[in-house]
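Student: At position 467 of the first sequence the residue is numbered 567 (this note's numbering), and the sequence of numbers has no breaks.
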Amino acid sequence: MTSERVQLPAQYSPGEVESRRYEAWVAAGYFTPDPANPAPAFTIVIPPPNVTGSLHIGHALDHTLIDALVRRRRMQGYKALWLPGMDHAGIATQNVVERELARDGLSRHDLGREAFVERVWQWKTESGGRILGQMRRLGDSVDWTRERFTMDAGLSRAVQTIFKRLYDDGLIYRAQRIINWCPRCLTALSDIEVDHTDDEGELVSIRYGDGDDQIVVATTRVETMLGDTAVAVHPDDPRYAHLVGREIELPLTGRQIPVVADPHVDPEFGTGAVKVTPAHDPNDFEIGRRHGLPSVVIMDERGVITAPGPFQGLDRFEARPAVLAALRAERRVVSERRPYLHAVGHCSRCGTTVEPRLSLQWFVKVAPLAKAAGDAVRDGRVRIYPQEMAARYFDWVDDMHDWCISRQLWWGHRIPVWYGPGGQVVCLGPDDEPPAGDGWERDADVLDTWFSSALWPFSTLGWPEDTADLRTFYPTSVLVTGYDILFFWVARMMMFGLYAMAPAGPEGSVPFRQVALHGLVRDQFGKKMSKTRGNTVDPLDWIDRFGADATRFTLARGATPGGDVAVSEEWVAGARNFCNKLWNAARFALLNGAVAGRPLPSDSELATADRWILSRLAEVTAEVDELYEQFEFAKICDVLYHFAWDEFCDWYLELAKPVLTNVPSSTGPAGQDEAAAQATRCVLGEALDRLLRLLHPVLPFVTEELWIAVTGGESVVMARWPGEVAEGVCGLPRLAVDTGAEAEITSLMRLVTEVRRFRSDQGLRPGQQVPAVLAGIGETRLARHEARIRSLLRLTEPGDRFVPTGSVQAEGVVVELDTAAGLDVEAERKRLTKDLATARADIEAAERKLASSSFVERAPAQIVAKNRERLAAAQGEVRRLTERLAALPSGPS
RNA sequence: GGGCGCAUAGCUCAGUGGUAGAGCACUCGCCUUACAAGCGAGGGGUCACUGGUUCGAACCCAGUUGCGCCCA
């Protein structure tokens with residue numbers, strides 16, 4: 101018996117536990133693995149949150165899942181590393197600081213580049229990284245000693261190193277291309293930084309040329325006609341065959357432009373003729389290249405018309421109606437459709453309509469890198485969960501455009517290229533000195549934020565240096581992230597990881613071995629969360645009100661692989677209730693002298709209920725292990741929730757009560773009762789100990805508090821996982837599955853439930869003691885359980901004046917009860933009638949099947965036998981119920 | 001326009017050939033000495049529609065309708 105009994109209050113208060121526990125974990129160094137530890141490594145790098153960000157519910161989901169994986173591996177004996185850090189988030193951060201400056205009426209140009217960047221660093225130190233503090237509230241078991249930032253010295257070195265290598269390998273080049281341009285942020289964007297929406301616009305058909313040499317083109321961007329340098333038609337289109345090769349007049353400009361034939365023109369769309377503006381449309385740029393057309397730039401970087409003439413100086417959206425009006429005046433507008441819904445690209449950072457712009461930018465030549473990235477998944481070196489998502493991944497990597505990596509910003513990794521006075525171009529590695537002499541200038545642009553993010557799995561471990569961390573923790577084990585950044589981040593880490601770490605070989609160069617994708621967090625109606633909709637959830641608010649564990653459980657419980665997670669306040673309250681249930685189960689165990697960590701008595705000394713709960717625990721443990729391997733978090737939570745609540749609390753604890761409180765059983769001397777109580781205290785302690793360990797990865801705080809109270813151990817964080825453990829690590833003794841005990845307890849549950857139903861239907865209060873006889877129980881497998889059954893059902897031994905007024909039959913036992921007030925005949929009739937209907941429906945269903953000769957002949961024997969049994973059982977029930985109904989006193993009629 | 005996915009209880013979702021499940025919500029009865037953030041009992045679904053395969057279909061196939069996502 102435990103000497104020091106811990107007194108727990110009746111309710112769990114997360115606020116009193118969480119921060120205390122978290123800081124103790126960090127101080128103890130639990131989250132800091134030693135590379136020299138011979139155990140296998142398990143590594144997850146955090147998807148680095150933007151330095152501008154704060155913890156939102158999506159992070160909370162991602163972090164909960166990662167933390168659960170890492171905590172389980174740690175308990176399994178792996179040297180588990182969850183590496184934290186942040187992303188400098190180029191545009192987003194620059195925008196924040198520029199907005200701050202704007203409040204003082206300043207722009208970044210007023211400060212100049214150096215001072216501005218200094219100012220951003222200052223901001224980063226002061227208010228950036230709020231999210232890292234918030235992660236502590238959630239309980240993230242990250243190794244703070246290894247925290248990294250995408251702009252720190254080590255990562256800058258990694259960026260410059262890989263840039264130089266790619267450059268030297270011809271995989272980075274500079275070229276004049278049409279890129280996505282944000283006229284507000286004044287920078288180039290990559291394809292995936294552009295969000296497409298269907299916007300209302302107009303489709304205008306304009307007549308170019310005159311007389312026989314006229315052709316009608318349709319456009320949603322009338323103003324760009326100022327930069328047209330051709331009209332294109334399909335080579336096989338008979339309508340325009342006579343015009344191909346000739347020149348027609350471009351209205352408003354007086355320029356003559358050729359009609360060219362290009363197979364990419366869709367003859368079915370519109371008139372089958374398209375205007376070609378090589379400087380302002382990516383498709384037209386390609387047409388222009390194929391036909392050697394000139395590019396006429398008509399707009400500046402802010403979207404203002406520069407083409408000489410009446411429209412010069414107008415914004416692109418002002419120019420549109422102005423040009424249209426001018427064309428209309430010349431009677432060149434053939435038709436106008438308005439509104440016309442069409443896809444329009446927007447800057448993913450600020451929402452401004454993106455302008456395709458011809459400019460000189462740096463690109464990564466992705467073809468060979470993307471091929472390798474695709475192959476790593478194709479040949480199974482990297483596995484994507486759920487597998488269906490791999491299709492999207494392949495679609496992307498197998499058809500990727502070259503990646504525009506230069507950004508016209510100041511905040512970011514500056515491109516390490518110098519231009520000499522004689523037109524020299526020199527790319528420098530991190531240890532190279534800039535070229536000496538006058539006239540050398542460094543490229544003004546910085547790199548896309550995602551360029552440094554792509555290096556995250558190895559740059560954070562010390563690459564390009566050959567560090568112990570890199571050797572130990574790379575490749576990382578699992579990459580956990582939302583499917584929404586599969587392209588932004590996952591694909592690019594694959595490309596750069598395989599390239600940079602190539603010397604490690606095909607297996608050793610992958611950035612991660614598994615990719616576990618989750619979805620978005622949605623509201624209780626499955627709607628996307630958004631500030632405008634007003635349905636967002638602040639995880640810190642939930643943590644304050646319901647606890648970190650409840651918040652985590654709510655998220656994990658909804659997380660099916662790749663699936664979105666719907667949450668609501670009612671559900672987090674339910675999760676909070678679950679934590680409280682655990683709390684009280686532990687409280688009960690402690691009040692009743694549960695002992696943990698002792699060798700279990702032999703099977704013969706254990707009660708059936710004890711063997712049953714241990715058996716179920718063995719099964720649940722195996723199940724949870726299997727589900728973890730598949731990232732089935734929702735199922736893990738579900739299995740543990742029902743085991744803990746339904747089986748452990750509702751049945752096992754109730755079954756243990758009479759034993760623990762030494763209610764004399766009907767058989768055996770008192771000494772036996774005490775021995776039985778001791779055995780049950782052992783099992784109770786052991787089961788609770790293991791259950792808390794199993795739940796710890798998802799519910800770190802409440803399990804820590806309770807586990808320490810129950811076991812007296814140091815911390816469940818480092819306690820051994822009850823299931824599978826790492827190779828070479830000593831696990832807990834394996835529990836046996838006991839099918840006999842399970843069958844007995846299942847039978848007991850059915851009998852008890854049936855009698856409870858009778859009691860409830862009869863209006864007997866739950867606490868009311870009812871004298872009863874359990875006739876025939878001696879001949880069933882429940883023979884030894886009479887005392888516990890009586891305890892659960894509050895049935896007392898029949899006294900001298902026992903008069904059975906009602907009876908319930910189940911599991912071969914006839915329970916005769918003396919309901920003091922006599923039987924409620926109508927209630928009983930109703931109950932029996934309902935049961936009779938169920939039994940008859942059963943008969944019908946079984947008979948229908950068995951009557952079909954093809955079923956009997958072709959269905960597996962096992963299924964046929966099952967239906968025969970069902971039929972027989974139902975027939976017996978019908979007979980029994982019919983008799984019982986007939987025996988009831990006739991109603992008042 | 002191309003591709004992918006989804007449609008099961010009031011809501012959110014599990015359920016890949018053999019008697020339809022969970023959480024929350026709902027109804028009834030209970031402060032039964034761990035827990036009212038609780039206990040016990042209960043109601044509720046022609047599994048979107050149409051056809052096919054099969055002894056047997058929520059599940060496999062085809063089509064229809066509606067919704068969502070990704071890409072252009």
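Beta carbons are placed, not taken as given, at the ideal position from N, Cα and C, and that holds for glycine.
So, at 6 Å on beta carbons, what are the nonlocal neighbours of D935 in its own chain, with the 5 sequence-adjacent residues on each side left out?
Tutor: For D935, where only same-chain residues beyond five positions count, the Cβ hits under 6 Å are L981.
Student: State whether the stretch 445–464 contacts the stretch 386–401, with contact taken as three or more CB pairs (one from each stretch) at a distance under 8 Å.
Tutor: These segments touch.
Student: Measuring alpha carbon to alpha carbon, tell me which residue in I736, R781, E732 is nearest A756.
Tutor: Ranking I736, R781, E732 by Cα distance to A756 puts R781 first.
Student: Using 8 Å as the threshold, is the C-beta distance between A777 and R850 below it?
Tutor: For A777 and R850, no; Cβs fall outside 8 Å.
Student: Measuring alpha carbon to alpha carbon, tell me which residue in G309, T371, H380, A467 is nearest L352.
Tutor: Out of G309, T371, H380, A467, G309 has the C-alpha closest to the C-alpha of L352.
Student: State yes or no: is the C-beta of D381 within less than 8 Å of the C-beta of I357?
Tutor: It is not a contact, given that the beta carbons lie outside the stated cut-off.
Student: Compare the beta carbon distance of W518 and W550 with 8 Å and say whether it is the shorter of the two.
Tutor: No.
Student: So the beta strand (DSSP E) Q356 belongs to, where does it begin and stop?
Tutor: First-last of the beta strand (DSSP E) with Q356: 356–361.
Student: So if DSSP puts A836 in a beta bridge, which residue, or which two residues, is it bridged to?
Tutor: In DSSP, A836 forms no bridge with anything.
Student: Go through the stretch 489–530 residue by residue and report every complete run of the beta strand (DSSP E) that reaches 3 residues or more, in order.
Tutor: List check, beta strand (DSSP E) in window: 517–519, 525–527.
Student: Name the one or two DSSP bridge partners that H618 has.
Tutor: DSSP lists G582 as partners of H618.
Student: Note down, in chain order, each residue of its chain lying with its Cβ closer than 7 Å to the Cβ of A689, except the 5 sequence neighbours on either side.
Tutor: These residues qualify, in order along the chain: L784, G785, L788, V810.
Student: Do you know how far the Cα of M235 is from the Cα of K966?
Tutor: Roughly 54 Å between the two C-alpha positions.
Student: State the DSSP-derived secondary structure class of L289, mapped to helix, strand or coil.
Tutor: Strand, per DSSP.
Student: Measuring alpha carbon to alpha carbon, tell me which of L882, A694, T846 ends up nearest S715.
Tutor: That would be T846, whose Cα lies nearest to the Cα of S715.
Student: Tell me whether S44 sits in a helix, a strand or coil according to DSSP, three-state version.
Tutor: The structure shown does not extend to residue 44, since the chain is modelled only from 101 through 993, so no value can be given for it.
Student: At the level of alpha carbons, what is the spacing between A141 and V964?
Tutor: In a straight line, the C-alpha of A141 is about 52 Å away from that of V964.
Student: Report buried or exposed for D566, applying the criterion of at least 16 other Cβ atoms within 10 angstroms of its Cβ.
Tutor: It is exposed - the Cβ of D566 has fewer than 16 other Cβ atoms within 10 Å.
Student: Applying the criterion that 16 or more other CB atoms from any shown protein chain within 10 Å of the CB defines a buried residue, is F263 buried or exposed?
Tutor: F263 is buried by the Cβ-count criterion.
Student: Where in the stretch 231–314 do unbroken runs of the beta strand (DSSP E), each at least 3 residues long, occur, reported from the N-terminal end onward?
Tutor: The stretch 231–314 contains these whole beta strand (DSSP E) runs: 272–282, 287–289, 294–310.
Student: Whose CA, out of G522, P530, R514, L561, lies closest to the CA of R542?
Tutor: Closest by alpha carbon: R514.
Student: If you draw a straight line from the C-alpha of P871 to the C-alpha of A124, how long is it?
Tutor: Cα to Cα, P871 sits roughly 55 Å from A124.
Student: Whether or not the stretch 246–262 and the stretch 465–482 are in contact is what I'm after, with contact meaning three or more pairs of Cβ atoms, one per stretch, closer than 8 Å; do they touch?
Tutor: Short answer: they don't touch.
Student: Please determine, among A937, I889, E827, the residue with the shortest C-alpha to C-alpha distance to V177.
Tutor: The question names Val, yet the displayed sequence has Gly at residue 177. Looking at the Cα atoms, E827 is the closest of the given residues.
Student: Among residues of its own chain, excluding the 5 on either side of E705, which ones have a beta-carbon nearer than 6 Å to its beta-carbon?
Tutor: A779.
Student: Could you please give the first and the last residue of the uninterrupted alpha helix (DSSP H) stretch that includes V739?
Tutor: Start and end: 733–742.
Student: Measuring only the C-alpha atoms, how far is W510 from W563?
Tutor: If I take the Cα positions, the gap works out to 25 Å.
Student: Grab the span of the alpha helix (DSSP H) containing A472 for me, first residue to last.
Tutor: Counting along the chain, the alpha helix (DSSP H) containing A472 begins and ends at 467–478.
Student: Using the C-alpha atoms, what's the distance from V433 back to L427?
Tutor: Near 6 Å, if we compare the C-alpha coordinates of V433 and L427.
Student: So, at 7 Å on beta carbons, what are the nonlocal neighbours of S766 in its own chain, with the 5 sequence-adjacent residues on each side left out?
Tutor: Interpretation of S766 is limited by its pLDDT of 46, a score under 50 that renders its predicted location unreliable; the figure taken from the coordinates is listed afterwards. Cβ within range, chain order: E886, A887.
Student: Excluding the five sequence neighbours on either side, which residues of its own chain have a C-beta within less than 6 Å of the C-beta of N692, listed in chain order?
Tutor: Contacts found: L760.
Student: Runs of 3 residues minimum, wholly inside the stretch 779–835: which ones carry the beta strand (DSSP E) assignment?
Tutor: Counting whole runs of 3 or more residues, the stretch 779–835 contains no beta strand (DSSP E) stretch at all.
Student: Where does A341 land, buried or exposed, given buried means 16+ other C-beta within 10 angstroms?
Tutor: Exposed, because fewer than 16 other Cβ atoms sit within 10 Å of the Cβ of A341.
Student: Spatial neighbours of T708 within its chain, please: CB distance less than 6 Å, with the 5 preceding and 5 following residues excluded, ordered by chain position.
Tutor: The residues are A841, E844.
Student: Keeping to the same chain, check which residues put their C-beta closer than 6 Å to that of T132; ignore five residues upstream and five downstream.
Tutor: Here the set comprises D243, T245.
Student: Leaving out five residues on either side along the sequence, give the residues of the same chain with a beta carbon under 8 Å from the beta carbon of L640.
Tutor: So the qualifying residues of the chain are L155, Q234, R237.
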